[in-house]
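Have a look at the structure below before the remarks.
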Amino acid sequence: MAYLRNKSMEFLKRFEMPAKNPSEDAQRRWREAVGTLVKNRRRRFRMVPDLDKRSKAETQRRQIQEKLRVALYVQKAALQFIDAARKTEHPLPEIARQCGLSISAEELASVVRGKDAKSLRHHKGLDGIARKVNVSLADGVKSDDTGLRAEVYGTNQYTEKPPRTFWMYLWDASQDMTLMLLAFCAVISVVIGLATEGWPSGMYDGVGIMLTIFLVVMITAASDYRQSLQFRDLDNEKKKIDIHVTRDGYRQKVSIYDIVVGDIVHLSIGDQVPSDGLYIDGYSLLVDESSLSGESEPVNVSTANPFLLGGTKVQDGSARMLVTAVGMRTEWGNLMETLSQGGEDETPLQVKLNGVATIIGKIGLAFSVLTFTVLMARFLVSKAHAPGGLLRWRVADALSILNFFAVAVTIVVVAVPEGLPLAVTLSLAFAMKKLMQERALVRHLSACETMGSASCICTDKTGTLTTNHMVVEKVWASGAAQTVSTAKGFDQLKSSVSENFSMVLLEGVFHCSGSEIVRDKDGKTTIMGTPTETAILEFGLEVEKHMKVEHAGAKKLKVEPFNSVKKTMAVVVASPNAAGRPRAFLKGASEVVLQRCISVIDGTGGIEKLTEAKTKRVASAIDAFAGEALRTLCLAYQDVGTGNDIPSDGYTLIAVFGIKDPLRPSVREAVKTCHAAGINVRMVTGDNINTAKAIARECGILTDDGIAIEGPEFRVKSPDEMREIIPRIQVMARSLPLDKHTLVTNLRGMFNEVVAVTGDGTNDAPALHEADIGLAMGIAGTEVAKENADVIIMDDNFSTIINVAKWGRSVYINIQKFVQFQLTVNVVALMVNFVSASFTGSAPLTIVQLLWVNLIMDTLGALALATEPPNEAMMQRPPVGRGDNFITKVMWRNIIGQSIYQLIVLGVLLFRGKSLLQMNGAHADALLNTFIFNTFVLCQVFNEVNSREMEKINVFSGIFSSWIFSAVVGATVAFQVIIVELLGTFASTVHLSLRLWLISLLIGSVSLVIGAILKCIPVDSSNDSSDHHDGYQPIPTGPNAV
């Protein structure tokens, strides 16, 4: 036994695969290990990527990238490309002329696709292109014209494979080799039966098998098709990307798929460029074109180089763009066809269960061969002793041998658990659909599964733990702090500052901002931008309203957008308050800005030197704001004389803002749930450490034995110091994205943690990619962050992350329940048929009956047990650790206990059933076999209920919370009655009396009692895990687990 166990463990190592970014070698290794023992390759590997097709697609993608790289970066090739393009005629369709358009779609697309500066000059530059596509660069296209533009220039959609129909899934389900063999046997059976027994009795056995095969195929196809619809809904949700455009003179959000040629698109850091276009205006625009060309060096886009290609990413800056080509007329459209080839990577649980299914399949095949051998041996021995011996053969003998073969094939059908890996897909599809309803979009299948094992969550503060509805609560200006969230506070501020001060303040507030104040069709004012910027601009509007002053417009000469590394943004404007001379404004993290200031503006608008004493007073005000859990930002300015360069220091401090961002109401409870579930929550934020500590204490993250650390202090630690300090870190403030990446890497590498990380910015992409589960914010997150994430939290709420963890655990436990249930049926069905064949020369369960049992334990069992919703108890036990055994000792205890009970009962019925049940007469054998079949099925029904809880005695808790489970169990019982009482001719059953039905029910229900007794037997689960995260194994055993 030890030898077999070691061999099995060695074999299963070939099925170990990382949850994220698995190597092709690992993927091919487990496929080779599965070998040929697969009943239906088309269905078994339907949710597994085709590595050969993926490899071809990758080669094709690289070829397209190389062609683009040559066209974009090699000058000679680019010139040849341009010359060839100029020779091509582009006739203008009549409909285009009627719409006032004077350039064809092909000619317009070729300008940007080849970065053709000569052709652009030929068309009179940007303004000339705008005239030819009949659009105003200020007002954008008219909404009423979008349909006509889409007809002329195409839509911004890419060619996709048509979805698979139900008939395709029906065809896949019918490709099961064992079912084909049974169907062949059924046809032969009908032919021989009609020849020997005549019509209609000779056809019943064969037709019964064929009808059962049809039922199995139909139910399997229906289940698979339903899953595909769920995944299709998820895919459609993943593709929803909104972007800002100017239409009808107003800025508004539209889907990237609704963009048309002529649209004015607004781009900012982290956006994906939705189509090909021309740069109109903007600031410091850097674009990452690696997705198209493979070149990692970002490209500076400006009026000198105005070409923007669809599918590229904005790395820095902001801009407006005129759309010139959409959909399949862009190179990105051609690339998109290759990106989805080969399917999504399989999940670790799918791979593990393929290994389990392969081992069980080999055992089942061995039992099948043994059963056929025993049946044939007994038949030949009996034949040898009959008159005529082995030389006299009849048609009935051929029918018997055919039946032996069909029984052996049916045992393979039951023994090879094709449904194990597919049950993972079913459970994940169900969980992902439910999570989508709960505002979490799972982008990768494995993420939902892995999230159930998460032992640590590194979360942002702003917008995740807090509401992200920000308002300026306090302002430090002219030497004093004022509360400005009330009208009285504004009056106090007004009385303490002069008009000169207000003008400088307003100039800084409105011009040093990455957000924009826009008015919609109804004249309503809306601020488009981040919540922090919105809060400051709203404060500026209130200042204008209360102080009766307005900020003056100014031309921006240079803009340095905010990013999380610098923690500041800066702008140089031609200031009307400085007689049109350049003036620089700096805004950002309070400590950073304060260090770059040498003076401060007083209430009258005069400049005072920022002495050490005054610096301490400002720092005290910042700490006081932070102590009240307010985000702090400083605003400063400097007249730069000549030139547009942004100064590095020498600024004059204007004001300190204290911004209130309230804690989400559900966060405190969610953090408490995490701690109960063995999940450590760490806050990683760019905010002031005092603000971070105040928020962390309020929501329960920072405890007495935990520590808060700043990013600069953390990043200089040695590896040994990090190993010592990381377990106690609960808050990291003033951190850079690199600090978050370092923390995640060390948590995974040093401590073997399963880490989930939240992120919203472009610079968070490396940490999201490195983590076991990357969680991007749906509202505040950039497209770059979302693309690198595994799950998108649509409402940016920390509580939603807990729901993902809960559903992840539910998937894992549900699959364990299903495996426990299926292995019990496997063991009993194999042993009963083998033992019966050995001792009686016939199998008590016929082919039709075994196919029905297979349907119960495979498709219907998966549907019932793999789709149960999570319960609160799942979040009161530690997570599954890396390397934990999937089939635990608790499961083995339940499987072995239930199998022994069922084998004893069925064995007694098989050999002593007639006398015990007082069955006499010519039909006693048929009656006993029907009773054994009925009892066996009812034992499985009650064991299915038993499998709902692997450890708790009360298996009925929440049984009606899953209508699918109730429906499947009810349908199984109902159809069992129909098979026994109405379909006896086809299923080889006879009518059972009420007494026999009640005895069957009683024997089946004893499974519940046996299950309760088994759960009182304590199990040592210490060897189930290879690390300290013992997963679901160490839950309390015995009656205390009720």
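Here our numbering = 1-based position in the sequence shown + 71. Note that beta-carbon positions come from the ideal geometry of N, C-alpha and C, so glycine has one too.
Cβ distance (whole Å) where residue i is taken to contact residue j below 8 Å
i	j	result
ILE434	PRO488	11 Å between Cβ atoms; not a contact.
CYS705	PHE656	Not a contact, Cβ separation roughly 11 Å.
ARG514	ALA860	6 Å
ASP295	VAL316	That belief does not hold up - the Cβ atoms of ASP295 and VAL316 are roughly 40 Å apart, past 8 Å.
ILE200	LEU393	7 Å
VAL663	THR639	6 Å
Reduced DSSP category for residue i - H, G, I as helix; E, B as strand; rest coil
i	result
TRP464	coil
ALA660	strand
MET821	helix
PHE728	strand
HIS540	coil
MET574	helix
ILE717	coil
GLU368	coil
THR229	It should be pointed out that residue 229 corresponds to Tyr in this sequence rather than to Thr. If DSSP states are grouped into helix, strand and coil, TYR229 belongs with coil.
VAL951	strand
LEU441	helix
ARG702	strand
GLU621	coil
LEU734	strand
CYS519	helix
ARG400	helix
Per DSSP, cross-strand counterpart(s) of residue i
i	result
THR554	LYS545
ALA707	LEU657 and LEU724
PHE378	LEU349
ARG99	In DSSP, ARG99 forms no bridge with anything.
GLN343	LYS384
ASP359	LYS384
ALA847	GLY830 and ILE863
CYS527	ASN751 and VAL826
TYR296	According to DSSP, which records beta bridges pairwise, TYR296 is partnered with nothing at all.
For residue j and residue i, the rounded distance between their alpha carbons
i	j	result
ASP955	LYS423	12 Å
GLN386	LEU357	5 Å
GLU1020	ILE730	49 Å
ILE174	TYR224	10 Å
ILE725	PRO234	60 Å
LEU179	ALA396	7 Å
ASP1091	CYS256	48 Å
GLY651	ALA645	5 Å
GLU509	ASN307	16 Å
ALA156	LEU163	In this prediction, ALA156 scores a pLDDT of 47, lower than 50, which makes its location untrustworthy; the coordinate-derived value is nonetheless stated afterwards. C-alpha separation (whole angstroms): 16 Å.
GLU222	SER214	14 Å
ASP216	ILE340	29 Å
The alpha helix (DSSP H) enclosing residue i, as first and last residue numbers
i	result
ARG786	782-786
GLY879	869-911
CYS745	738-747
LYS985	960-988
ASN859	854-859
LYS616	602-618
GLY1075	1065-1085
MET239	237-244
LEU219	217-224
ALA209	Premise fails: ALA209 is in no alpha helix (DSSP H) and is neither H nor E.
N-terminal and C-terminal residue of the beta strand (DSSP E) that residue i is part of
i	result
SER326	321-326
GLN386	384-396
ALA511	511-513
GLU587	587-590
ARG667	First-last for ARG667: undefined, no H or E at that position.
LEU338	335-338
LYS680	678-680
HIS315	313-318
LYS1023	No beta strand (DSSP E) contains LYS1023, which DSSP labels as neither H nor E.
ARG753	751-755
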